[in-house]
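Colleague:
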Ligand code: GLN
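Numbering (the numbering used here), first residue to last: 460 to 946.
1) Taking buried to mean at least 16 other C-beta atoms within 10 Å of its own C-beta, is residue 478 buried or exposed?
2) With H, G and I counted as helix, E and B as strand and the rest as coil, what does DSSP make of residue 752?
3) Select from 694, 470, 545 and 907 the residue whose C-alpha is nearest the C-alpha of residue 555.
4) Assuming residue 623 is part of the alpha helix (DSSP H), what are its boundary residues?
5) Comparing the CB of residue 942 with every heavy atom of ligand 1, is any distance shorter than 6 Å?
6) Which word fits residue 498, buried or exposed, when buried means at least 16 other C-beta atoms lie within 10 angstroms of its C-beta?
7) Would you kindly work out how many angstroms separate the C-alpha atoms of residue 581 and residue 593, rounded to a whole number?
8) When you compare each of 528, 537 and 917 to residue 570 by their alpha carbons, which one comes out closest?
9) Three or more C-beta pairs closer than 8 Å, one from the region 872-890 and one from the region 611-625: is that the case here?
10) Among 490, 831 and 778, which one has its Cα closest to the Cα of residue 807?
11) Who are the Cβ neighbours of residue 767 in its own chain at under 7 Å, not counting the five residues just before and after it?
12) Could you pull the DSSP bridge partners for residue 518 from this structure?
13) If you drop the 5 nearest sequence neighbours on each side, which residues of the same chain put their C-beta closer than 8 Å to that of residue 946?
14) Apart from the five residues on each side of it in sequence, which residues of its chain come closer than 8 Å, Cβ to Cβ, to residue 821?
15) What does the alpha-carbon distance come out to for the pair residue 547 and residue 538?
16) Around the C-beta of residue 695, are 16 or more other C-beta atoms found within 10 angstroms, so that it is buried, or is it exposed?
17) Count the other C-beta atoms from every protein chain shown that fall within 10 angstroms of the C-beta of residue 678, then say buried if there are 16 or more, exposed otherwise.
18) Shorter than 7 Å from the beta carbon of residue 536 to some beta carbon of chain B?
19) With DSSP as the reference, label residue 662 as helix, strand or coil.
20) Helix, strand or coil: which one does DSSP assign to residue 578?
21) Assuming residue 502 and residue 563 form a contact by the criterion Cβ under 8 Å, report the distance between their Cβ atoms to the nearest whole angstrom.
22) Looking only at C-alpha atoms, which of 913, 896, 905 and 565 sits nearest to residue 675?
23) Could you tell me whether any non-hydrogen atom of ligand 1 is closer than 6 Å to the CB of residue 607?
24) For residue 707 and residue 871, I'd like the C-alpha separation in whole angstroms.
25) Leaving aside the five residues before and after residue 552 along the sequence, list all residues of the same chain whose C-beta is less than 7 Å from its C-beta, in chain order.
26) So what does DSSP say about residue 489, is it helix, strand or coil?
27) Kindly indicate which three-state DSSP category residue 546 falls into: helix, strand or coil?
28) Going by beta carbon distance, what residues of the same chain come within less than 6 Å of residue 699, once the five residues before and after it are set aside?
29) Looking only at C-alpha atoms, which of 881, 535 and 846 sits nearest to residue 861?
30) Here's the rule I'm using: 16 or more other beta-carbon atoms within 10 Å means buried, otherwise exposed. How should residue 632 be labelled?
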């Protein structure tokens, strides 16, 4: 049966339960769709064809009702370790690297019945907002091939948007799940910091990094998150409490939820489609009986500066492990010092080098207090501002990005303007809060725009309930398809 690969996670699960589809058919359709669409899209770095077919056959012998993600194909961002299978972080530095273990996220999905179908393209070491910093080629946005899919989880978002897989894993350090989800017209969820174990996620900035799902709808994100979340003895920063039940209240609707909208947005130069998507959310919220409250959210710009100081500092230290001795590539040289230098010179791309230099600079003795120390204090102020807001409201709504996807190449010569596409996503990472981007409209040029919801720490249940309520009103998936405009 064709068209199975484009179904949502919830739709596939009910087809399985009704005996109307089998894992082997679904995997077959995903592989066919990847074969026909990925040559243009460039979303996958590796497809685990034989492994996925074998696992689908195995699962075919089991009872579909027993496993919560029975037979669900999942594409995995290439910075998440898959045992014995390539994990490159889209870097030459890790070309040929095959980790000896699975990330906890991969282990949990597999135990829940999911089938890992391959690894997706990304910005090198998850540093970027357009996927153009991959060492293995660009990804095209399924809505317009001249545009970027966003980044750094651009391959994951494009794979879902193009209907190659129902769901994919991304990682979000400063917006890398939500920004590409917004650019590609799909839904992307980042949990509370520590909700999903980081064990087996190649570290970029450890105090921000989170793994999360990108799916065609909020229900898919909820189903995946329920399987991914929870304490893990292998990650000391994983939250020790169990994740709240994300599924039983999912369809309760918007009634009773209180919403806030930052007044600072009024002065922002937003794309008209983003402003009208926000207006639509406000109307939907008002229709459910609660008037969105205007809240003061100081420091939206401060948050991005704070993020780029701390994230680069952590990156410079995390990436020190790629020294030509322990992992991946090695450039032979006369001495240990020149082995380090030549391996790192050849192995890292320009953007990664820029981050390492900036990060080393802000940590150096002469600059530490002025930059790193100050950014840590700003982080505390931002956390406090958010926690005050969430003592009064349930959900904060704001844009995911200032505008729709930009054109390939458009921001490559201007790293700062690339960094600014994260202006609305970094605050949730700085404050460690759960946030989701849902598709909410199309721009004049026919590109999707997303709206972001942010919730209090630990309240993914409230976040997903709000997102699900809104998506049922917007019916984005039924109304619009890539390349087709109004469906
Ligand atoms: N675009 C941001 C950066 O380049 C965020 C990256 C991410 O979330 N992995 O740092």
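Heads up, the beta-carbon is just placed ideally off N, CA and C, and yes, glycines get one too.
Modeller: So, from the listed chains and residues:
1) When all chains shown are included, residue 478 counts as exposed.
2) In the structure shown, residue 752 sits in a strand (DSSP, three-state: E or B).
3) 545
4) Premise fails: residue 623 is in no alpha helix (DSSP H) and is neither H nor E.
5) no
6) exposed
7) C-alpha separation (whole angstroms): 6 Å.
8) 528
9) The answer is no - the region 611-625 does not touch the region 872-890, with fewer than three Cβ pairs under 8 Å.
10) Of 490, 831 and 778, the residue nearest in Cα terms is 778.
11) 878
12) Its beta-bridge partners do not exist; DSSP assigns none.
13) Any reading at residue 946 needs caution, since the residue's pLDDT is 42, under 50, leaving its predicted position unreliable; the model's value is listed next. 937, 938, 939 and 940.
14) 768, 771, 772, 827, 830, 831 and 834.
15) 7 Å
16) With fewer than 16 Cβ atoms within 10 Å of its Cβ, residue 695 is classed as exposed.
17) buried
18) Although the question refers to chain B, the structure presented lacks it and comprises just one protein chain.
19) coil
20) strand
21) Rounded, the Cβ-Cβ distance is 24 Å, inconsistent with contact.
22) Residue 896 is the option with its Cα nearest to residue 675.
23) Taking 6 Å as the cut-off, one finds no heavy atom of ligand 1 near enough to the beta carbon of residue 607.
24) 44 Å
25) 781, 787, 788, 806 and 807
26) helix
27) coil
28) Short of 6 Å from the beta carbon of residue 699, and not among the five residues preceding or following it, lie these beta carbons of its own chain, in chain order: 690.
29) Among 881, 535 and 846, the Cα nearest to that of residue 861 is on 881.
30) buried
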